[in-house]
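From first to last, the protein sequence lines are chains A and B. Those letters in the first sequence? Residues -11 to 208, by our numbering. Those letters in the second sequence? Residues 71 to 197, by our numbering. Worksheet: the structure to be examined is printed underneath.
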Amino acid sequence: MYVIVVGGGDVGHYLCKQLLDEGHEVLVIEKDAGKCEHIEEELGDMCLHGDASEIAILNKGGISRAEMVIAVTGEDDNNLAACQIAKEKFNVPRVIARINVPRNEKIFAKLGIECVVDAVYLVSEHIKAETMLFPLIRLFTIRDKGLEIVLVRVGKNSPAVGKPIGELSLPLGSVVSSVICHEVESQIPTVDTILREGDELVCLVPSENISLFQAIFRGS
Amino acid sequence: MGCGRIGAELAHLLDVEGHKVTVIDVDNASFDKLPPDFSGMAFLGDATDEEVLRKAGMEQADVFVAVTRDDELNAMAAQIAKQIFDVPRVLCRIYDPLREDFYSGLGVEAISPTRVFVRLLKERLEG
């Protein structure tokens, strides 16, 4: 697949390497000459120096045959411009934008760019997981299905303690897919699996029901 | 949005004509370009932030004009004004002439100063 990556910073550079390893044809468009040079030294002749919001540069990069455009610069307005032009003007089938300011997710969706990756949110969720201070961590979002894969810890005195999974009033569409216990071996749960304080559950939850779901496991 | 030379001058002219004008910019020092008798409002903040725009009175705006030096920023703010706040008239400056038509197709009035100036130069040369 021919993929154009907009932005040759750390994310763009790393992504590019991974895409090449998978056998894809990749072009990076980067404004900074120094970054271009750095990428070309390591990965070969595959970087175009210029502004990917400019139609002339996109044409030079062969945008009309690109099957995917991924915009990962540190500037949300640049990512939006590159994705909108790729999608609306050149009919690129798939566009993905990194957003650096979480509030922009809604704005991008409203302006026709639905597939966004929120860098701040993702890094924060991973750090939250490492701290062990938060009862619920969002591991992954399955955007087109409106689902989240979450890791939730059964809190002290929470409504779930001592109950079998089958008796929990989980919000509609939620699935507990595994239970990680600290004393016994982790298991694939059944309706009879009894939950204990400190157990960790990997679950699939509809995005709109996250807070309802969290309340069942919240300690006091 | 954007209190550079163009933004400040436009704000001043509209203010003199009796319109209610608010200028938004991220740089406090940029407001020094407004004349001392400017009776409109200078609002410090990022015009791609919905909350900032709301506080600046965007919901009542009849016209929004984006004239920072940055094409992409102008395009984003202009689209927020049009699509989220439903501002009746939205204008933005897009230096890149090839993109002027593209953004015009997205419902905002994009003006390329490059194209305007080239036309002017050509007219002078021919006149």
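Quick reminder that beta carbons are idealized off the backbone N, C-alpha and C, glycines included.
For H89 of chain B, the number of other beta carbons within 10 angstroms of its own is below 16, and it is reported as exposed. Residue-level contact check: R126 of chain A does not touch chain B, since none of the beta carbons of chain B fall below 8 Å from its beta carbon. For C103 of chain A, there is no enclosing alpha helix (DSSP H), since its DSSP letter is neither H nor E. Annotated three-state conformation of T119 of chain A is helix, per DSSP.
The three-state secondary structure of H37 of chain A, taken from DSSP, is strand. Look at the stretch 1 to 54 of chain A and you find these whole runs of beta strand (DSSP E), each 3 residues long or longer: 13 to 18 and 35 to 37. For K98 of chain A, at least one C-beta of chain B is nearer than 8 Å to its own C-beta. The C-alpha of Q153 of chain B lies about 7 Å from the C-alpha of L99 of chain A. At least one CB of chain B lies nearer than 8 Å to the CB of N66 of chain A. A straight line joining the alpha-carbon of A203 of chain A with that of D187 of chain A spans about 15 Å. In summary, the residues of the stretch 133 to 148 of chain B whose CB is separated from some CB of chain A by less than 9 Å are D140, D141, E142, L143, N144, A145, M146 and A147, in the order they occur in the chain. The stretch 161 to 170 of chain B makes no contact with the stretch 107 to 118 of chain B; the number of CB pairs closer than 8 Å stays below 3.
Contact with chain A is found for I150 of chain B, since one of that chain's Cβ atoms lies less than 8 Å from the residue's Cβ. Taken in chain order, the members of the stretch 65 to 85 of chain A whose beta-carbon sits within less than 8 Å of a beta-carbon on chain B are D65, N66, L68, A69, Q72, I73, E76 and K77. According to the DSSP secondary-structure assignment, A147 of chain B is paired through a beta bridge with no residue. Counting along the chain, L168 of chain B sits inside the alpha helix (DSSP H) bounded by residues P167 to G175.
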